[in-house]
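**Student:**
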Amino acid sequence: MTTEILSLAKYLASSRSEFTLLEMNQYLSRKYEEKDLHAVLKPHFYDLDLFCSADYKCTKLVKGPLPSDEGIISELEEFFKNPELPLSMEKLIEAYIERSCGKNWHKGETATQIRENIVKQKEEYWKGEGKGKEKVKVKGESRYPMIRVISYLLYHFPVYFCQYQYLLLELFKGGVLMNKMSIVDVGSGPGTITLSTLDFLRKLQDIYSRNKMDVKLNIRIGSIEHELENIRCYRELTSGFLLSGNANILNSNITIDESVHSPVETAPVPGDVDLMIFSNVLAELRSLPHERADVVERIASVSKNPTLIIIEPADLDNSKALRVSQHALIKKGFNVYSPCSFIWGRLCSGINCWSFQEPGNIKVPGFMEKIADTEDSYRYLNTDMKFSSVILRKDRLTKHAYRAKGKIMALSNLKKHIKKHINVAVSVMSGNLGDEKTFVSKICDGTASFPCYAVMPVYHMSENNRALIDAGYGDIIEISGTLVRENVEQSSFNLFITRNTIVNIVG
Ligand SMILES: C[S@@+](CC[C@H](N)C(=O)[O-])C[C@H]1O[C@@H](n2cnc3c(N)ncnc32)[C@H](O)[C@@H]1O
Numbered sequence: 001m002t003t004e005i006l007s008l009a010k011y012l013a014s015s016r017s018e019f020t021l022l023e024m025n026q027y028l029s030r031k032y033e034e035k036d037l038h039a040v041l042k043p044h045f046y047d048l049d050l051f052c053s054a055d056y057k058c059t060k061l062v063k064g065p066l067p068s069d070e071g072i073i074s075e076l077e078e079f080f081k082n083p084e085l086p087l088s089m090e091k092l093i094e095a096y097i098e099r100s101c102g103k104n105w106h107k108g109e110t111a112t113q114i115r116e117n118i119v120k121q122k123e124e125y126w127k128g129e130g131k132g133k134e135k136v137k138v139k140g141e142s143r144y145p146m147i148r149v150i151s152y153l154l155y156h157f158p159v160y161f162c163q164y165q166y167l168l169l170e171l172f173k174g175g176v177l178m179n180k181m182s183i184v185d186v187g188s189g190p191g192t193i194t195l196s197t198l199d200f201l202r203k204l205q206d207i208y209s210r211n212k213m214d215v216k217l218n219i220r221i222g223s224i225e226h227e228l229e230n231i232r233c234y235r236e237l238t239s240g241f242l243l244s245g246n247a248n249i250l251n252s253n254i255t256i257d258e259s260v261h262s263p264v265e266t267a268p269v270p271g272d273v274d275l276m277i278f279s280n281v282l283a284e285l286r287s288l289p290h291e292r293a294d295v296v297e298r299i300a301s302v303s304k305n306p307t308l309i310i311i312e313p314a315d316l317d318n319s320k321a322l323r324v325s326q327h328a329l330i331k332k333g334f335n336v337y338s339p340c341s342f343i344w345g346r347l348c349s350g351i352n353c354w355s356f357q358e359p360g361n362i363k364v365p366g367f368m369e370k371i372a373d374t375e376d377s378y379r380y381l382n383t384d385m386k387f388s389s390v391i392l393r394k395d396r397l398t399k400h401a402y403r404a405k406g407k408i409m410a411l412s413n414l415k416k417h418i419k420k421h422i423n424v425a426v427s428v429m430s431g432n433l434g435d436e437k438t439f440v441s442k443i444c445d446g447t448a449s450f451p452c453y454a455v456m457p458v459y460h461m462s463e464n465n466r467a468l469i470d471a472g473y474g475d476i477i478e479i480s481g482t483l484v485r486e487n488v489e490q491s492s493f494n495l496f497i498t499r500n501t502i503v504n505i506v507g
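Count the sequence shown with the UniProt record's numbering and you get residues 1 to 507, in order.
1. Rounded to whole angstroms, what is the Cα-Cα separation between Gly130 and Pro270?
2. Please tell me whether, using a cut-off of 7 Å, the distance from the CB of residue 509 to the nearest non-hydrogen atom of ligand 1 is below it.
3. Please classify Tyr160 as buried or exposed, where buried requires at least 16 neighbouring CB atoms within 10 angstroms.
4. So what does DSSP say about Pro43, is it helix, strand or coil?
5. Cα-Cα, which of Met385, Leu316, Ser389, Ser349 is closest to Trp126?
6. Under the rule that 16 or more other beta-carbon atoms within 10 Å means buried, what is Asp433, buried or exposed?
7. If you follow the alpha helix (DSSP H) that Met89 is part of, which residue opens it and which one closes it?
8. In the DSSP assignment, find the beta strand (DSSP E) that holds Leu275 and state where it starts and stops.
9. When the Cα of Asn82 is compared with those of Met385, Met24, Phe493, Asn423, which residue comes out closest?
10. So, are the CB atoms of Leu153 and Ile118 less than 8 Å apart?
11. Taking only the alpha-carbon atoms, compute the straight-line gap between Ser430 and Pro306 and give it to the nearest angstrom.
12. Excluding the 5 residues flanking Glu134 on each side, which residues of the same chain have their C-beta closer than 8 Å to its C-beta?
13. CB Val424 to CB Ile479, shorter than 8 Å?
14. In three-state terms, what does DSSP make of Leu48?
15. How would you write the range of the alpha helix (DSSP H) that Asn104 sits in, first residue to last?
16. To the nearest whole angstrom, what separates the beta carbons of Ile391 and Ser427, a pair I think is in contact under 8 Å?
17. Counting only the same chain and skipping the five closest in sequence on each side, list residues whose C-beta sits under 7 Å from that of Val484.
18. Excluding the five sequence neighbours on either side, which residues of its own chain have a C-beta within less than 8 Å of the C-beta of Asn382, listed in chain order?
19. Distance, Cα to Cα, Gly102 vs Asp470?
20. Which residues share a DSSP beta bridge with Phe439?
21. Can you check DSSP and say which residues form a bridge with Lys57?
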């Protein structure tokens with residue numbers, strides 16, 4: 001039956017812009033209920049370029065960027081003012097924990113075991129045991145076989161879930177997200193990135209619907225993961241999210257493929273993928289940072305025009321390692337969409353670069369509050385979003401197209417201009433690294449082999465230079481009339497910003 005239905009759907013999809021599932025019965029050897037036809041065709045909607053609505057009307061989907069304008073963007077940005085795990089997601093996670101550890105998971109002996117495991121996971125991480133080494137599983141380690149996953153959900157999941165949406169927002173604003181997208185979540189863990197993507201699309205569809213915009217989505221999400229217990233959790237949470245009424249994503253056909261159970265190094269190469277995410281996974285590979293580029297390149301090798309997102313923790317080692325992998329990927333033909341802009345058209349070395357984004361804190365989710373309801377509660381609270389990332393493409397598309405022009409000096413020349421006033425154009429590559437009295441931003445134009453900072457005492461802040469504070473991570477600013485100072489102890493350079501220095505955001 002499937003073959004006949006499928007070939008008819010293929011024919012209709014290629015010859016009409018719209019048809020109903022009921023109409024199909026005119027051409028089939030027997031009659032089917034619409035819901036049965038829908039069930040047969042659902043896994044094929046993506047390949048057929050079809051969108052089929054809840055009332056069984058099918059439309060040919062023409063692939064294009066998701067529409068955005070200032071109004072849509074500002075409604076979407078509202079969510080980012082108070083970042084938090086949506087209630088539907090909190091409930092889903094908590095229900096999962098309850099199914100695994102019982103209703104009283106946050107009390108008594110069970111809570112103690114979970115807390116111990118959270119602390120152990122953090123210690124392993126800082127000792128580097130998560131990086132490049134198999135985790136040793138002790139038999140009978142816990143009454144709860146999924147305790148590692150549960151600890152991850154309680155402690156790491158909320159921040160990683162929320163921070164990833166900043167990158168989706170950036171891609172949305174840049175017109176890079178499509179109405180038809182194939183996505184692969186590599187090293188998916190319990191489903192952080194997949195669930196975050198679904199939540200982002202849900203928010204977007206709610207906004208479109210409020211604005212009476214009919215935007216049909218056809219999304220296919222695949223994943224690669226080498227730990228079976230993560231795959232089980234992924235399956236349960238993603239299907240649970242799609243099934244739960246209050247998490248419904250309007251106007252969308254979503255297909256979640258069964259996870260590929262394999263190390264990413266040897267996993268089958270996915271077909272043509274639009275968006276590929278490696279979130280907190282590269283640092284766990286056995287290979288050296290520059291070799292990780294081979295793993296990424298192989299996984300993206302069949303994709304015609306993929307967007308690759310790599311996210312790593314913000315600590316010195318992982319952050320620097322990410323830039324080395326990034327550099328190796330550039331050498332393989334990828335280009336950086338963001339956050340780095342090569343303002344002088346020259347590539348940087350990727351060496352010794354520590355740069356991360358700090359969008360702020362998320363609201364403590366209810367389940368985290370419960371596990372932290374004990375002595376030393378700070379050990380179980382994790383709300384600080386801080387991450388290093390890069391977005392790569394193969395087609396030279398970049399977030400900012402700005403190039404240095406006019407009387408602007410490259411940062412590589414600072415040594416020759418110590419104690420002089422100069423003009424530069426740079427990307428802002430950090431939040432405030434100083435304190436409330438002195439604003440310090442890491443800056444980069446891709447030319448210097450030493451760290452450079454813009455330093456502004458707050459008493460020098462004026463209308464002329466405010467843009468330094470307003471600039472977002474990765475934004476490009478021109479600084480005119482800044483004093484060059486060398487910091488010999490730190491082997492770095494500071495550009496001193498006074499009330500007369502002019503700062504403008506240019507990209
Ligand atoms: C820190 S978790 C990140 C999970 C998720 N991406 C997130 O951001 O929350 C790293 C995940 O990568 C998986 N992983 C580590 N090495 C892997 C490999 N070589 N192949 C596939 N998955 C791997 C781990 O099992 C784990 O689920």
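The beta carbon of each residue, even a glycine, is placed where N, CA and C say it ideally should be.
**Tutor:** According to the structure data:
1. With a pLDDT of 49 at Gly130, under the threshold of 50, the modelled position of this residue cannot be trusted; read the value that follows with caution. About 26 Å.
2. Examination of residue 509 is not possible in this model, given that the chain is present from 1 through 507 alone.
3. Its Cβ being crowded by 16 or more others within 10 Å, Tyr160 is buried.
4. In the structure shown, Pro43 sits in a helix (DSSP, three-state: H, G or I).
5. Minimum Cα distance to Trp126 is reached at Leu316.
6. Here residue 433 turns out to be Leu, not Asp, going by the sequence shown. Classification of Leu433: exposed, given that the 10 Å Cβ count is below 16.
7. DSSP places Met89 in the uninterrupted alpha helix (DSSP H) bounded by 87-101.
8. Start and end: 275-279.
9. The shortest C-alpha separation from Asn82 is found at Met385.
10. No, these two residues do not count as a Cβ contact at 8 Å.
11. Looking at the two C-alpha atoms, the distance is approximately 27 Å.
12. Here the model assigns Glu134 a pLDDT of 41, short of 50, so the residue's position is not dependable, and the following value carries that caveat. So no residue of the chain qualifies.
13. Going by C-beta atoms, Val424 is nearer than 8 Å to Ile479.
14. Per DSSP, reduced to three states, the secondary structure at Leu48 is coil, with no helix or strand assignment.
15. Membership of Asn104 in any alpha helix (DSSP H) is not indicated, and neither H nor E is assigned to it by DSSP.
16. About 14 Å; that fails the 8 Å criterion.
17. In chain order, Leu414, His417, Ile418, Lys419, Lys420, Ile422, Phe493, Leu495 place their CB closer than 7 Å to the CB of Val484, counting only its own chain and leaving out the 5 sequence neighbours on each side.
18. Excluding sequence neighbours, Asn382 sits near Tyr155, His156, Pro158, Val159, Met368.
19. When rounded, the distance between both Cα atoms is 47 Å.
20. Answer by DSSP bridge pairing, in chain order: Met456.
21. According to DSSP, Lys57 bridges with Thr20.
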